[in-house]
Each structure stands twice: as structure tokens, then as C-alpha cells.
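Asks: In our numbering, the protein residues as written are 143 to 357.
Just so it is clear, CB atoms sit at the ideal spot from N, CA and C, and this is done for glycine as well.
Keep in mind that this is a model prediction, so the values were computed, not measured.
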Amino acid sequence: MSQDSFFWKELLTWYIENGRHHFPWRNTKDPYRILLAEFLLQQTHVRKVEEVYEQLLLKYPDISELARADTETLEEIIAPIGLNYRAERLIKSAEIICSQHNGTVPNDYNELRELPGIGDYIANAVLCYAFDQPVVPIDTNVIRLFTRYFGYTSMNPRPRMDKELAAKIRAHFEGMDSTRDANLAVLDFAGLICTSKNPKLTECPLSKNCIKYIF
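1. Between K342, A327 and K339, which has its C-alpha nearest H163's C-alpha?
2. For the alpha helix (DSSP H) that contains A267, what are its first and last residues?
3. Answer yes or no: the CB of P166 versus the heavy atoms of the ligand NAP, is any distance below 7 Å?
4. Looking at P276 and T321, is the spacing between their C-beta atoms short of 8 Å?
5. Is the Cβ of R210 closer than 8 Å to any Cβ of chain C?
6. So, at 8 Å on beta carbons, what are the nonlocal neighbours of W156 in its own chain, with the 5 sequence-adjacent residues on each side left out?
7. Could you say which of E253, Y271, E306 and T282 lies nearest to K171 if we only look at CA atoms?
8. What is the DSSP secondary structure of M303, counted as helix, strand or coil?
9. Just the C-alpha distance for R356 and A309, rounded to the nearest angstrom, thanks.
10. Suppose contacts are defined by Cβ-Cβ distances below 8 Å. Is Y294 in contact with F149 by that definition?
11. Do E180 and A209 count as a contact pair if the criterion is CB distance below 8 Å?
12. What span of residues does the alpha helix (DSSP H) with F145 cover, start to end?
13. Tell me which residue opens and which closes the alpha helix (DSSP H) that G245 is part of.
14. Judging by CA-CA distance, which residue of M297, E253, T186 and R312 is the nearest neighbour of F288?
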């Protein structure tokens, strides 16, 4: 079995049994709900997001309600997770979606990138998780797992900006039955097992073929 085949076989098996399937944004393909979740998850620990996400959906159940939101009220709701500037960006994005896209979250990368606060990662995350497009949102967690296991390196002081590294990582997802499941499996494994500090080597099903672990 190739290193790549072993990686996906073990990772997806682990994900079925141990993935964070309970997150509410994992159990929907509603583009609005996924866009909202990705805004909140940005630079924030996932454990803190769930309650705020549920409160926002109760207050603003659809994109038109969010577009009419009061900035101060929205800031109060997201205050527990910080980065309150997201409130204004969320409202502005909702306004643009309502006025320019008939209240429907775009399923086009370039149109998503034109919305305030939406960078490469959130755009790809929405396309993958809401629209099942075969795209790969890459963040530091994804980079950590692939550089450790496959031995990739980057000369860029900000590996997230390394297009060559991103292309190598994305190549591993080609031909997958579900890019969505593959992405989520990578995120959960990086967050729970292949952590930035003190990775759980004794629990890692990939360790015997992992370049970093072997060498």
C-alpha cells in the first residue's frame, strides 16, 4: 500500500469513529449557516464557537435578518469569542448577498472573495462544505498534518501563503469520493491527534508511515 493510500485509509477510518460529527454546522449544507460558522471559526478555538453560533441563528435565522442586524447587538453576541470586528463584516457581507445575489450565498470563488472578511480559506470552505465542490480549504492545521506526514517543507515564513506547498497538498485530494469528508477528517485529526504541541503519537494510526515520526 502506498504512503498516500495508507494515509487516507487510516485517516478516514479514524474520522468515522472519532470525528467531531456533533458540531451543528457539520450537519447542514445550508450555505448561510456554513458561511456564518466559518466567520466565527476564523482565528478562534472551535470549542468556543458552538454556543455563539446557536445564539446567532436564533437571533438571525436567515441572511436577510442578518443584513438588517444592529452592529452593537451582533458584537455583544460574539463578544465571548472575541474579534468583534467580525460583526460589521458579517452584516456588510449579508447586505451584499441580499442586494447583489438575491439573498443567496454565491457558489463562485471570485464572488465570495469580494465579500468583506472572506479570504481564500473561508471561500473554499463554503464551496466545499455547502456546495460539495472539490476544493481544499488550507489552514495551519492542514499544513501541519501534511508537512509532518509527507515531509513537505516551505521556505516561505508564512507557509499558508506558499502556493507551491498548497498545490502539493491539494494534489492528495484529487479523485476522492468526498472532498468534504476528506477535508473534515484532516481538520479533526490535526486538531485532536496531530496537534501543534505534544502530538498524541501513541494514538496516531499514521505514525508508522509518518516522515516526521520515522526520522
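Replies: This is what the structure holds:
1. Within the sequence shown, residue 163 is the residue found at index 21, counting from 1. Measuring from the Cα of H163, the nearest candidate turns out to be A327.
2. Within the sequence shown, the letter at position 125 stands for residue 267. Here the alpha helix (DSSP H) through A267 covers D262 to F273.
3. Absent from the structure shown: the ligand NAP. Ligands present: none.
4. Working through the sequence shown from its first residue, we reach residue 321 at position 179. Working through the sequence shown from its first residue, we reach residue 276 at position 134. For T321 and P276, yes; Cβs fall inside 8 Å.
5. Of the protein chains in the structure, only one exists, and it is not chain C.
6. The residue given as residue 156 occupies position 14 in the sequence shown. Only A327, F331, I335 and P347 meet the Cβ criterion.
7. Reading the sequence shown from its first residue, position 29 is the one you call residue 171. It is Y271.
8. The count along the sequence shown starts at 1 and reaches residue 303 at position 161. Residue state, collapsed to three classes: helix.
9. Translated into the one-based positions of the sequence shown, residue 356 becomes position 214. Translated into the one-based positions of the sequence shown, residue 309 becomes position 167. Note on identity: in this sequence residue 356 is Ile, with Arg being the wrong assignment. So the alpha carbons of these two residues sit roughly 24 Å apart.
10. Taking the first residue of the sequence shown as 1, we reach residue 294 at position 152. Taking the first residue of the sequence shown as 1, we reach residue 149 at position 7. For Y294 and F149, no; Cβs fall outside 8 Å.
11. Working through the sequence shown from its first residue, we reach residue 209 at position 67. Working through the sequence shown from its first residue, we reach residue 180 at position 38. No. Outside cutoff.
12. Mapped onto the sequence shown, residue 145 falls at position 3. Reading off the sequence, residue 145 comes out as Gln, not Phe. Its alpha helix (DSSP H) spans residues Q145 to N160.
13. By 1-based counting over the sequence shown, the position of residue 245 is 103. Neither: G245 is in no alpha helix (DSSP H) and is coded neither H nor E.
14. The residue you call residue 288 lines up with position 146 of the sequence shown. The option with the nearest alpha carbon to F288 is R312.
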